[in-house]
Structure formats: structure tokens, C-alpha cells
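Read the structure below first, then the notes.
In my numbering, the protein residues as written are 520 to 645.
The structure is reproduced here in C-alpha cells:
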């Protein structure tokens, strides 16, 4: 019974790590949390020009641009920004996380943590 509880707790913690892995949108745009809408827009424009895939040949430019656009979409809209600042998830964010969730990586990490658990369980660490 105890090992089942430990396994469930490990799964829950791993899942929360994946859910919370998203970058801070203010950090993505390089603005402070109290930035005005105009400052957010200016930061977005500068970064969009720098990382737009048509202007930047870096293979990671497309992903970086997508991240910048996602941050701007939330922070430029007052209601979405309030929800984001309050720690709430908009429907769009929930969908994005659901689409980006990598179950194979999650299971790989879970299996590794279970190996560690089995190695240390006899030492009564858990």
C-alpha cells in the first residue's frame, strides 16, 4: 500500500513539473510584471522582427517566434493578462499545454524515478 502511495505521489509531482514547465511570459518578452501595454507591444515588435522565421535562419527561430507570439497574445489582452497574473489558466493555455504535453518523456522520467525508488526503498529513505 505504501509503495502505491509513493508511486502515485511521484506521478503527480512529475505531471506538475510538466504543467509548470512553461516559461514566464514576462520573461519571454523581457518586460517587468508592471509593464504597460505599450511597453509589451514594443517588446513584442522588437523580438518579432528579430526572431521571425522569414528574417532569421536559425533553426530555433520558428519555435522562439511562436513562444513570443503566445506571450504577447496573453499579455496584450487585459482580461487574459489578469487571469495569467492571478495564476489562472485560460482555455487557450489549457489547450496549448495539452497539445505540447510529451507523454513519452513523462513516462520515461516516471520510470527513472521508480528505479530510484526501488534502489533506495530498502534503505528506508521513503
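In this text, a Cβ means the ideal position worked out from N, Cα and C, and glycines have one as well.
- The three-state secondary structure of residue 550, taken from DSSP, is coil.
- Using a C-beta cut-off of 8 Å, the stretch 559 to 572 makes contact with the stretch 586 to 598, since at least three inter-stretch Cβ pairs fall below that distance.
- In the three-state DSSP reduction, residue 604 falls in the helix class (H, G or I).
- In the DSSP annotation of this structure, the continuous segment of the alpha helix (DSSP H) that includes residue 562 starts and ends at 556 to 570.
- For residue 547, the closest alpha carbon among the candidates 589, 601, 624 and 606 is that of 589.
- According to the DSSP assignment, residue 590 belongs to the alpha helix (DSSP H) that extends over 580 to 594.
- Out of 591, 575 and 585, the CA that lies nearest to the CA of residue 549 is found in 591.
- Closest option to residue 586, judged by alpha-carbon separation, among 554, 575 and 566: 566.
- Taking C-alpha positions only, residue 580 is separated from residue 571 by approximately 7 Å.
- Of the residues 575, 578, 583 and 600, the one whose Cα lies closest to the Cα of residue 556 is 600.
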